[in-house]
Amino acid sequence: MTRRFRLPSLPLWSLGALAWGLTMASCFLLSIHVFGRASGSHDMALTAIYAAGGMLGWLVALPLVQVSGDGRDAPKVFAAWFLLLGLATMAATAGLFALQYRFFYAHWHAPFPSRIWVYQFVFTSASALYQFAVLGLRHFLPTAFLILLLLAVLMARRSR
Numbered sequence: 001m002t003r004r005f006r007l008p009s010l011p012l013w014s015l016g017a018l019a020w021g022l023t024m025a026s027c028f029l030l031s032i033h034v035f036g037r038a039s040g041s042h043d044m045a046l047t048a049i050y051a052a053g054g055m056l057g058w059l060v061a062l063p064l065v066q067v068s069g070d071g072r073d074a075p076k077v078f079a080a081w082f083l084l085l086g087l088a089t090m091a092a093t094a095g096l097f098a099l100q101y102r103f104f105y106a107h108w109h110a111p112f113p114s115r116i117w118v119y120q121f122v123f124t125s126a127s128a129l130y131q132f133a134v135l136g137l138r139h140f141l142p143t144a145f146l147i148l149l150l151l152a153v154l155m156a157r158r159s160r
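Under our numbering, the first residue of the sequence shown carries the number 1, and numbering increases by one thereafter.
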């Protein structure tokens, strides 16, 4: 019997994105204040990037989780939530960080349709993603990792 794909409910979609975004912003703030990882005067802008990354990550991961998780087998649902939501959140946050990085350096870049502009865009984005991997991912640890683990367990139990 073939299962028909259904989109997630609107409250799960919207309230989940809002809650996950606020959770990721809280994890960032906890990381910089409790664990002493303060980054300077840009903490509020970075908090907004982590919140938006969490929201986008939820919106991207939710339909993927429903497709890949099957909704019945608890270990499969756990793995889908843990991997897809974790990866989507990190990717969305890194992407937003790269966009902000690009926006900052755009003033010094060549005009848009040139070959030099393409090089500058690619290497600026690559530098931003590397910088996020080195300096930004640590703000997800340990708090966001533990919350993600708890959420995946709760969703796996809910699927039974």
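Glycine residues also receive a C-beta, built at the ideal position from the N, C-alpha and C atoms.
- Exposed or buried, Ser9, counting other C-beta atoms within 10 Å across all chains shown (16 or more means buried)? Looking at its Cβ environment, which holds fewer than 16 other Cβ atoms inside 10 Å, Ser9 is exposed.
- Item | Residue range of the unbroken alpha helix (DSSP H) whose run includes Gly40 | Per DSSP, Gly40 belongs to no alpha helix (DSSP H) and is neither H nor E.
- Message: Give the list of continuous alpha helix (DSSP H) stretches no shorter than 4 residues that lie fully inside the region 64-131.
- Response: The qualifying runs are 74-80, 86-105, 115-131.
- Item | Where the alpha helix (DSSP H) containing Leu10 begins and where it ends | Unbroken alpha helix (DSSP H) run through Leu10: 10-33.
- Task: Would you kindly work out how many angstroms separate the C-alpha atoms of Arg138 and Leu154, rounded to a whole number?
- Result: Straight-line Cα distance between these residues: approximately 24 angstroms.
- Query: Expressed to the nearest angstrom, what Euclidean distance is found between the alpha-carbon atoms of Tyr119 and Ser159?
  - Reply: Taking the straight line joining both Cα atoms gives about 47 angstroms.
- Item | Euclidean distance between Cα positions of Leu56 and Pro142 | Leu56 and Pro142 have their C-alpha atoms some 21 angstroms from each other.
- Item | DSSP-derived helix/strand/coil call for Met1 | Low per-residue confidence applies at Met1: pLDDT is 46, beneath 50, and the placement is therefore not dependable enough to give any value.
- Message: Tell me whether the region 80-90 and the region 44-63 touch, counting them as touching only if at least three CB pairs, one residue from each stretch, are closer than 8 angstroms.
- Response: Contact holds: three or more Cβ-Cβ distances are below 8 angstroms.
- Task: May I ask which residues mark the beginning and end of the alpha helix (DSSP H) holding Phe145?
- Result: Phe145 -> alpha helix (DSSP H) spans 143-158.
- Item | Rounded separation between Phe140 and Gly54 - CA only | Cα to Cα, the separation comes out at about 11 angstroms.
- Message: So, with DSSP's three-state summary, where would you put Arg6?
- Response: It is coil, neither helix nor strand.
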